[in-house]
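Quick notes on the structure that follows.
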Amino acid sequence: MGDRTAAERIVSCLIEAGTEHLFGLPGGATMDIFRALHDRQDEIRAIVPRDEQTASCMADMYGKLTGKPGVFAGQGGFTGSTGMFGVIEAFLASSPMVVLTELSDHNEFVTHGPIQSGAGHYGSFDLAGIFKSTTKYTAVAHTAREAVMSTQLAYKHAITGRPGPTACLFRASTLREPVASNGLPEIHDTNRLLNVSASVPARAAIEAALNLLSCAKNPAIVAGNGVRISGASAPLTALAELLGAPVATSILGKSAIVETHDLAAGPMGYTGLTLANETIGVADMILVVGCRLKPQDTCFEHPKMFDPNRQKIVQIDVDPRNTSWTIPADVALAGDASDTLQLLVAGLADRIDVSARDSRRNTFVDR
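All residue numbers for the sequence shown refer to the numbering used here, where the first residue is 45 and numbers rise by one.
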C-alpha cells in the first residue's frame with residue numbers, strides 16, 4: 045500500500061472499525077478528512093447537520109442506540125463550544141463517541157496567537173484542556189503518524205470498559221501530510237486492535253454474591269444504565285424470575301426490564317415511583333446492576349430507601365471505582381453486567397427455595 049495522507053488513513057481506520065456514519069461540519073484542517081470521506085462514500089456516509097450542537101447530539105444518540113462510537117468531526121473551537129453539548133451528554137450517560145477535531149493553530153504562527161487557535165499558548169485557548177475534562181481519553185497529535193494512531197486509540201478507549209467519549213486533536217498541518225507505509229511504529233488494521241474481551245469478577249466474589257442472594261428473604265434488584273449498555277436485559281430478567289425479585293430501575297436504566305413485566309417496579313429515585321422506592325426500602329438484600337447510585341437514584345441517600353446497616357448490598361459494575369462509591373457494598377463484582385448476571389443465574393439454579401420464590405413474586409404482584 046502506497047503512502048497516503050493522515051486524513052485518508054484516518055478515514056480508513058474508521059471504516060476498518062465498522063463506522064457507518066460521521067456527523068459533523070467541515071472546517072479548518074478537518075476539511076482534509078471530509079475530502080477523504082468524499083472518495084469513500086460507498087463505505088462511510090458523512091452527515092452534515094445545521095450546527096455542531098446537532099452533530100454532537102446525533103453522534104451521542106448513534107452511540108446510545110448501536111453501542112458503536114458515534115463519530116463527530118469539525119473545526120476546533122466550534123467542537124469545543126457549541127459541539128460540547130452532545131459530548132457532555134455522552135460523558136455523563138456513558139455513550140461511546142469519538143471526536144475528531146483540530147487546533148486551528150496555523151502551524152509556525154502558533155505562538156503568536158492566531159485567531160481561533162486552541163493550542164493553549166499565550167493568546168489562544170486550551171482546547172485539549174476542555175476535552176480532557178469531558179472525555180475518557182484526549183490525544184493531541186503533532187505528526188501524521190500520531191494522528192492515525194491516536195484515532196485508533198480513541199476508538200478503542202471509547203468502547204473498552206465503561207463506554208464514553210474520546211477526542212483526537214490534530215495540529216493543523218498533520219492531516220494533509222503523508223504517512224509512510226513502511227515506517228515505525230507500524231500502523232495495524234484497526235479492527236485487530238479492538239479485539240478485547242469483557243471482564244468477569246473473581247470466582248470467590250461470585251460465590252459470596254450467590255450466598256447472599258440465595259439466603260435473602262426479600263431481595264430486590266436495581267437496574268441501571270449499565271444493563272442497557274451491556275445488552276444484559278435477558279439475563280437480568282432471568283435472574284429476577286429465578287429469585288422472584290422485583291426490579292426497580294434508575295432513570296437511565298428504564299427499559300432494562302420490560303416495563304409490563306410482573307416484576308417491574310418502575311423507575312426509582314427522586315423523580316421515580318413510590319412503588320419502586322418502597323420496594324427497595326423494604327428489601328433485605330439489594331442487587332445493584334450497572335447503577336452508580338447517585339443522589340437522585342437514592343432520594344439523596346435516604347436511609348428508608350438504602351441503608352447498608354440493615355440491608356445487604358451486592359453491586360455489579362464494569363468500572364470497579366463505581367462499586368461502593370456512594371453506598372458500601374457487601375460484595376463488589378467488577379465485570380461486564382451481562383456476563384456476570386449469567387454467572388449468577390447459573391450458580392443460583394439449584395439453590396433457590398421455589399415456594400419462597402413464588403410467594404415473594406405473588407406478594408409483589410398483588411401490591
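Ideal Cβ placement from N, Cα and C applies to all residues, glycine included.
Along the segment 106-165, the alpha helix (DSSP H) occurs as fully enclosed runs of 4 or more residues at 120-123, 128-137, listed in sequence order. Residue burial is scored here from C-beta neighbours: S382 has at least 16 other C-beta atoms within 10 angstroms and is therefore classed as buried. Membership of G270 in the alpha helix (DSSP H) is indicated by the continuous run 269-274. In this structure, A267 sits near C335, with a CB-CB distance shorter than 8 Å.
L254 and R89 have their alpha carbons spaced roughly 47 Å apart. Under DSSP, the beta-bridge partners assigned to Y181 are T210. D76 carries a helical assignment under DSSP once its states are collapsed to helix, strand and coil. Considering only P140, L238, R53, G121, the residue with the shortest C-alpha distance to A163 is G121.
A check of alpha carbon separations from A292 across T323, L256, S125 identifies T323 as the nearest. Taking C-alpha positions only, E146 is separated from F408 by approximately 56 Å. Listed as beta-bridge partners of R48 by DSSP are V223.
By the beta-carbon neighbour count (other beta carbons within 10 angstroms, threshold 16), R189 is buried. Around the beta carbon of G124, a 10 Å sphere encloses 16 or more other beta carbons of the protein chains shown; the residue is thus reported as buried. S217 and H150 have their alpha carbons spaced roughly 8 Å apart. Assignment of I231 by DSSP, reduced to helix, strand and coil, places it in the coil class.
If you ignore the 5 residues before and after Q355, its C-beta comes within less than 8 Å of the C-beta of A327, D328, M329, I330, all in its own chain and listed in chain order. In the three-state scheme derived from DSSP, where H, G and I count as helix and E and B as strand, Q355 is classed as coil. For R401, the uninterrupted alpha helix (DSSP H) run begins and ends at 398-409, by DSSP. Under the three-state reduction of DSSP output, F169 falls in the coil class, being neither helix nor strand. Residues of the same chain with a CB within less than 6 Å of the CB of E133, apart from the 5 flanking positions on each side, are D104 in chain order. Cα atoms of G379 and V362: separation of roughly 4 Å, rounded to the nearest angstrom. Between S138 and the set K108, G118, L66, the nearest pair of CA atoms involves K108. For the set R53, R395, R411, the Cα lying nearest the Cα of V223 is the one of R53.
Separation of L319 and T304 (C-alpha to C-alpha, rounded to the nearest whole angstrom) is 14 Å.
DSSP lists H65 as the beta-bridge partner residues of R89.
By the neighbour-count criterion, in which 16 or more other beta carbons inside 10 Å mark a residue as buried, Q85 falls on the exposed side. The continuous stretches of alpha helix (DSSP H) do not include P339, and DSSP gives it neither H nor E.
M329 has P263, K356 as its beta-bridge partners, per DSSP. The beta carbon of T179 sits closer than 6 Å to the beta carbons of P209, T210, A211 from its chain, once the five residues preceding and following it are set aside; these are given in chain order.
Assignment of D361 by DSSP, reduced to helix, strand and coil, places it in the strand class.
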